[in-house]
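Chemist:
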Amino acid sequence: MSQTQPLRKSSGWHQRLLRLLPWHRRLALVASIGVLSWALSGMLHPLMTALQPQPATPMPPQTPQLLEGLQAPRDVLQAAGIAQVQALRLIVLDGEAWYQVRLAGQLTPRYWNARSGAAADLSERHAEQLAAHFLGSTEALKAGITLNQFGAEYAYINRLLPVVQVNTARDDGLRVYVDLFQDRLGTLVDDRKALFSSAFLNLHSFAWLDGTGSFRPLLMLLLLAAVLLTVLMGISLFVARRQARTTLRRLHGIGGVGLAILSLGFASSACWHVLHKHTAQPAPAGFTPALDVSALTTAPNGSWLEAHETLQRVSLLQLDGKPIWRLQGQRFGKLPTLRYVDALGQPLDDIAPLRYAEQRFAHYARQLGLAEPKTITLQTQFDHEYGFVMKRLPVLKAHYADDQRSSLYIDPLDGALSAHITQPDRLEGFSFAYLHKWAFLNDWSKTGKDVLLTLAALAHLLLVAGGLWLYRQSRR
Numbered sequence: 092m093s094q095t096q097p098l099r100k101s102s103g104w105h106q107r108l109l110r111l112l113p114w115h116r117r118l119a120l121v122a123s124i125g126v127l128s129w130a131l132s133g134m135l136h137p138l139m140t141a142l143q144p145q146p147a148t149p150m151p152p153q154t155p156q157l158l159e160g161l162q163a164p165r166d167v168l169q170a171a172g173i174a175q176v177q178a179l180r181l182i183v184l185d186g187e188a189w190y191q192v193r194l195a196g197q198l199t200p201r202y203w204n205a206r207s208g209a210a211a212d213l214s215e216r217h218a219e220q221l222a223a224h225f226l227g228s229t230e231a232l233k234a235g236i237t238l239n240q241f242g243a244e245y246a247y248i249n250r251l252l253p254v255v256q257v258n259t260a261r262d263d264g265l266r267v268y269v270d271l272f273q274d275r276l277g278t279l280v281d282d283r284k285a286l287f288s289s290a291f292l293n294l295h296s297f298a299w300l301d302g303t304g305s306f307r308p309l310l311m312l313l314l315l316a317a318v319l320l321t322v323l324m325g326i327s328l329f330v331a332r333r334q335a336r337t338t339l340r341r342l343h344g345i346g347g348v349g350l351a352i353l354s355l356g357f358a359s360s361a362c363w364h365v366l367h368k369h370t371a372q373p374a375p376a377g378f379t380p381a382l383d384v385s386a387l388t389t390a391p392n393g394s395w396l397e398a399h400e401t402l403q404r405v406s407l408l409q410l411d412g413k414p415i416w417r418l419q420g421q422r423f424g425k426l427p428t429l430r431y432v433d434a435l436g437q438p439l440d441d442i443a444p445l446r447y448a449e450q451r452f453a454h455y456a457r458q459l460g461l462a463e464p465k466t467i468t469l470q471t472q473f474d475h476e477y478g479f480v481m482k483r484l485p486v487l488k489a490h491y492a493d494d495q496r497s498s499l500y501i502d503p504l505d506g507a508l509s510a511h512i513t514q515p516d517r518l519e520g521f522s523f524a525y526l527h528k529w530a531f532l533n534d535w536s537k538t539g540k541d542v543l544l545t546l547a548a549l550a551h552l553l554l555v556a557g558g559l560w561l562y563r564q565s566r567r
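To convert, take the position in the sequence shown, counting from 1, and add 91; that gives this note's numbering.
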């Protein structure tokens, strides 16, 4: 009797696990919807990145500014009836110096000749010149619509808004998206990329359910939960029934167990990602300066230059509630320079850049309930926390001593909040990067990583196809 008792216990344990089989099959039907959609789009993603149109250069133009014979911004703008601006900078278009102005409530900048004071509608010409610069081309270009929100073609991953779409006459329908206010490249999109992006967003992120509120993340979470339970039940059934009745069932079981770690990694990190995004704290209101034109009585001029210096960027900022000039250039053609001067062109004290950073960070910290930052640094490269998807560089980084170990990243050019990172963001980002995107292979080979991810997605497709075939056979 004592010899048979363990056998009965083992047999009962196996039988209880085998009762999961009907539930495994039912949940697998639900899970297969998500797996098919995500695996197909997962195979598409490396192809998208490999075929992504590339610019001739991603860097903005570095045109030396023209500083001779300019009128004061006050005189030019007051003559046009403008008392306040949100931004103003000096630019060069077609060999002429222009004041580019951003006004409240307007997506498109305004332009005045800095010498004659004459207004001109140059937004399309400016956009076309920027596109030509990024393409390294002299081909015919035509500025199109201005976008102030993200969509299927110009998605959130591009970060910059507003942007102007510039169209080429190429057979592939290439479009260039440019930021006129800072001369930055948003992205390049051709017909193939637009098709792939639409397919990826609809299959992987269920973008076709945008506008349904919480239904989209809820559906994704239900499908992901079905995937996780199906995998766990499949492992249990494989342990309980080592000898399946047919070769296909044995192969399905072996394949499922072989892919189990990958499946659990993909699905669990995706669950966390969806939950984290859906419960994320709303972004604080952006900083919008109000710069009084009456203070701009002096035009930028050659006396502002240091010895052997040329300026590539001359723009207004707000410090201590007043307009100041930010001067960025080079000495001897290669040594970068960055200086702050007051409205009259007089140099500000050495801590003016730090005060500017503190005031911009304070705007966002107040809304987020943060105290004074522990440190403020200039970040000039992307890293594991502030990745390339953030777009903006260089940025100012402030680290805070709150419970969430918050970090804020601000674009010094316009005071925009580029990123707000907390400890939960870091943990979720680490999970998604390593379990979902296999960032541990980044230092090995991008092509190799893409091939392995594609093979993993294909293996999941084959596993689901085999499972659906077995289910169909069992229903006969």
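Ideal Cβ placement from N, Cα and C applies to all residues, glycine included. None of the values given here were measured: they were computed from a predicted structure.
Please identify the residue among Leu549, Ala371, Tyr477 and Trp395 whose C-alpha is closest to the C-alpha of Glu159.
Modeler: Within the sequence shown, numbered from 1, the residue matching residue 159 stands at position 68. For Glu159, the nearest C-alpha among the options comes from Trp395.
Chemist: Which whole-angstrom value is the C-beta distance of Val167 and Tyr190, which I expect to be below 8 Å?
Modeler: Within the sequence shown, numbered from 1, the residue matching residue 167 stands at position 76. Within the sequence shown, numbered from 1, the residue matching residue 190 stands at position 99. Their Cβ separation, rounded to whole angstroms, is 6 Å, which keeps Val167 and Tyr190 in contact under 8 Å.
Chemist: Rounded to the nearest angstrom, what separates Leu366 and His136 at their Cα positions?
Modeler: Counted from its first residue, the sequence shown places residue 366 at position 275. Counted from its first residue, the sequence shown places residue 136 at position 45. Answer to the nearest angstrom: the Cα atoms are 22 Å apart.
Chemist: Touching or not, the stretch 168-179 and the stretch 308-316, by the rule of three or more beta carbon pairs under 8 Å?
Modeler: No, the stretch 168-179 does not touch the stretch 308-316.
Chemist: Looking at His364: is its Cβ nearer than 7 Å to the Cβ of Phe523?
Modeler: By one-based count along the sequence shown, residue 364 stands at place 273. By one-based count along the sequence shown, residue 523 stands at place 432. In this structure, Phe523 lies closer than 7 Å to His364 by Cβ.
Chemist: Cβ atoms of Ala234 and Glu244: under 7 Å apart, would you say?
Modeler: Taking the sequence shown and counting its residues from 1, one reaches residue 244 at position 153. Taking the sequence shown and counting its residues from 1, one reaches residue 234 at position 143. No.
Chemist: Pro464 and Leu487 look like a contact to me (Cβ under 8 Å); what is the Cβ gap, rounded to whole Å?
Modeler: Residue mapping note: residue 464 aligns to position 373 of the sequence shown, counting from 1. Residue mapping note: residue 487 aligns to position 396 of the sequence shown, counting from 1. About 10 Å separates the two Cβ atoms, so there is no contact after all.
Chemist: Pull up the distance between the alpha-carbon of Glu230 and that of Gly377, whole angstroms please.
Modeler: Against the sequence shown, residue 230 aligns to sequence position 139. Against the sequence shown, residue 377 aligns to sequence position 286. Approximately 37 Å, taken between the alpha carbons.
Chemist: Between Phe272 and Leu309, what straight-line distance do the alpha-carbon atoms span, to the nearest angstrom?
Modeler: Your numbering for residue 272 matches position 181 in the sequence shown. Your numbering for residue 309 matches position 218 in the sequence shown. Distance between the alpha carbons of Phe272 and Leu309 is about 38 Å.
Chemist: Specify, as a first and last residue, the run of the beta strand (DSSP E) that Lys488 falls within.
Modeler: Taking the first residue of the sequence shown as position 1, residue 488 is located at position 397. Residues Val486 to His490.
Chemist: Between Leu418 and Val432, how many whole angstroms is the CB-CB distance? I'm expecting something under 8 Å.
Modeler: Translated into the one-based positions of the sequence shown, residue 418 becomes position 327. Translated into the one-based positions of the sequence shown, residue 432 becomes position 341. That pair is a contact at about 6 Å.
Chemist: When the Cα atoms are used, what is the spatial distance from Leu546 to Thr513?
Modeler: The residue you call residue 546 lines up with position 455 of the sequence shown. The residue you call residue 513 lines up with position 422 of the sequence shown. So the two alpha carbons sit approximately 34 Å from each other.
Chemist: In angstroms, rounded to a whole number, what distance separates the CA positions of Arg99 and Ser327?
Modeler: Your numbering for residue 99 matches position 8 in the sequence shown. Your numbering for residue 327 matches position 236 in the sequence shown. Note that Arg99 scores 41 on pLDDT, short of 50, meaning its location in the model is unreliable and no value can be drawn from it.
Chemist: Within its chain, find whatever has a CB closer than 7 Å to the CB of Ala195; leave out the 5 residues flanking it on each side and keep chain order.
Modeler: Locating residue 195 in the sequence shown gives position 104, where the first residue counts as 1. The residues are Gln177.
Chemist: Would you list the one or two residues that DSSP bridges to Tyr190?
Modeler: The residue given as residue 190 occupies position 99 in the sequence shown. Its beta-bridge partners are Leu181 and Trp203.
Chemist: Please tell me whether Glu219 has its Cβ less than 7 Å away from any Cβ of chain C.
Modeler: The chain inventory of the structure shown lacks chain C, comprising one protein chain alone.
Chemist: Just list the residues that DSSP pairs His224 with in beta bridges.
Modeler: Counted from its first residue, the sequence shown places residue 224 at position 133. Answer is none; His224 lacks a bridge partner.
Chemist: Output needed for Pro155: all residues of its chain with C-beta closer than 6 Å, excluding positions within five of it in sequence on either side, in chain order.
Modeler: Here residue 155 refers to the residue found at position 64 of the sequence shown. Thr401.
Chemist: Keeping to the same chain, check which residues put their C-beta closer than 8 Å to that of Cys362; ignore five residues upstream and five downstream.
Modeler: Start at 1 with the first residue of the sequence shown, and residue 362 comes out as number 271. Leu312, Leu315, Ala316 and Leu319.
Chemist: Checking 7 Å against the spacing of the C-beta atoms, do Ser590 and Arg180 come in under that value?
Modeler: The chain is shown only over 92 to 567; residue 590 falls outside these bounds and no answer can be derived.
Chemist: Measure how close the beta-carbons of Ala298 and Leu292 come, nearest whole angstrom, since I'm counting them as under 8 Å.
Modeler: Reading the sequence shown from its first residue, position 207 is the one you call residue 298. Reading the sequence shown from its first residue, position 201 is the one you call residue 292. Indeed, because the Cβ distance is near 4 Å, the residues count as touching under 8 Å.
Chemist: Less than 6 Å between C-beta atoms, sequence neighbours within five positions excluded: which residues of the same chain meet that for Pro97?
Modeler: On the sequence shown, residue 97 is found 6 positions in, with the first residue counted as 1. At Pro97, the pLDDT of 44 sits below 50, so the modelled position is not reliable; the number obtained from the coordinates is stated separately. Same-chain partners within the cutoff: there are none.
Chemist: Give me whichever residues DSSP pairs with Asn239 in a beta bridge.
Modeler: Counting from one through the sequence shown, the residue named residue 239 turns up at place 148. Looking at the DSSP assignment, Asn239 forms no beta bridge with any residue, so it has no partner.
Chemist: Between the alpha carbons of Trp65 and Ser354, how many angstroms are there, rounded?
Modeler: The question about residue 65 has no answer here: the residues shown for the chain are numbered 92 through 567.
Chemist: Specify, as a first and last residue, the run of the alpha helix (DSSP H) that Ala285 falls within.
Modeler: Within the sequence shown, residue 285 is the residue found at index 194, counting from 1. Its alpha helix (DSSP H) spans residues Asp282 to His295.
Chemist: Report yes if the C-beta distance between Gln421 and Pro380 is below 7 Å; otherwise report no.
Modeler: In the sequence shown, the residue the question calls residue 421 occupies position 330. In the sequence shown, the residue the question calls residue 380 occupies position 289. Taking 7 Å as the Cβ cut-off, Gln421 and Pro380 do not qualify as a contacting pair.
Chemist: Since Leu582 and Leu543 should fall inside the 8 Å C-beta cutoff, what is the C-beta to C-beta distance between them, to a whole number of angstroms?
Modeler: There is simply no residue 582 to check, as the chain begins at 92 and stops at 567 in what is shown.
Chemist: Can you round the beta-carbon distance between Leu439 and Ile415 to whole angstroms, since I take them to be within the 8 Å contact cut?
Modeler: Stepping through the sequence shown from its first residue, residue 439 is reached at position 348. Stepping through the sequence shown from its first residue, residue 415 is reached at position 324. 7 Å between Cβ atoms; contact.
Chemist: Following the continuous beta strand (DSSP E) through Pro416, name the residue where it begins and the one where it ends.
Modeler: Position 325 of the sequence shown holds residue 416. The identity of residue 416 in the sequence shown is Trp, whereas the question assumes Pro. Note, Trp416: beta strand (DSSP E), Lys413 to Arg422.
Chemist: Using a threshold of 7 Å, state whether the C-beta atoms of Ile182 and Val384 are closer than that.
Modeler: For the purposes of this step, residue 182 is taken as the residue at position 91 of the sequence shown. For the purposes of this step, residue 384 is taken as the residue at position 293 of the sequence shown. Not in contact: Ile182 and Val384 (Cβ atoms no closer than 7 Å).
Chemist: Under a three-way DSSP split, which group does Lys233 fall into?
Modeler: Reading the sequence shown from its first residue, position 142 is the one you call residue 233. In this structure, Lys233 counts as strand in the three-state DSSP scheme.
Chemist: So Lys537 and Trp529 are supposed to be a Cβ contact under 8 Å. How far apart are they, rounded?
Modeler: As a first step, residue 537 must be located in the sequence shown, where it is residue number 446. As a first step, residue 529 must be located in the sequence shown, where it is residue number 438. Contact flag wrong, Cβ pair sits at about 11 Å.
Chemist: Do you know whose CA, among Leu232, Gly208 and Tyr268, lies nearest Arg216's CA?
Modeler: Sequence index remark: in the sequence shown, residue 216 carries index 125 (1-based). The candidate whose alpha carbon is nearest that of Arg216 is Leu232.
Chemist: Where does Trp535 land, buried or exposed, given buried means 16+ other C-beta within 10 angstroms?
Modeler: Indexing the sequence shown from 1 puts residue 535 at position 444. Under this definition Trp535 is an exposed residue.
Chemist: Could you give the distance in angstroms between the alpha-carbon of Val126 and the alpha-carbon of Gly325?
Modeler: What you label residue 126 is simply residue 35 of the sequence shown in a count that begins at 1. What you label residue 325 is simply residue 234 of the sequence shown in a count that begins at 1. Each residue's alpha carbon lies about 15 Å from the other.
Chemist: Can you tell which of Thr370, His343 and Gly478 has the C-alpha that lies nearest to the C-alpha of Gly304?
Modeler: Position 213 of the sequence shown, counted from the first residue, corresponds to residue 304. Nearest option by C-alpha distance: Thr370.
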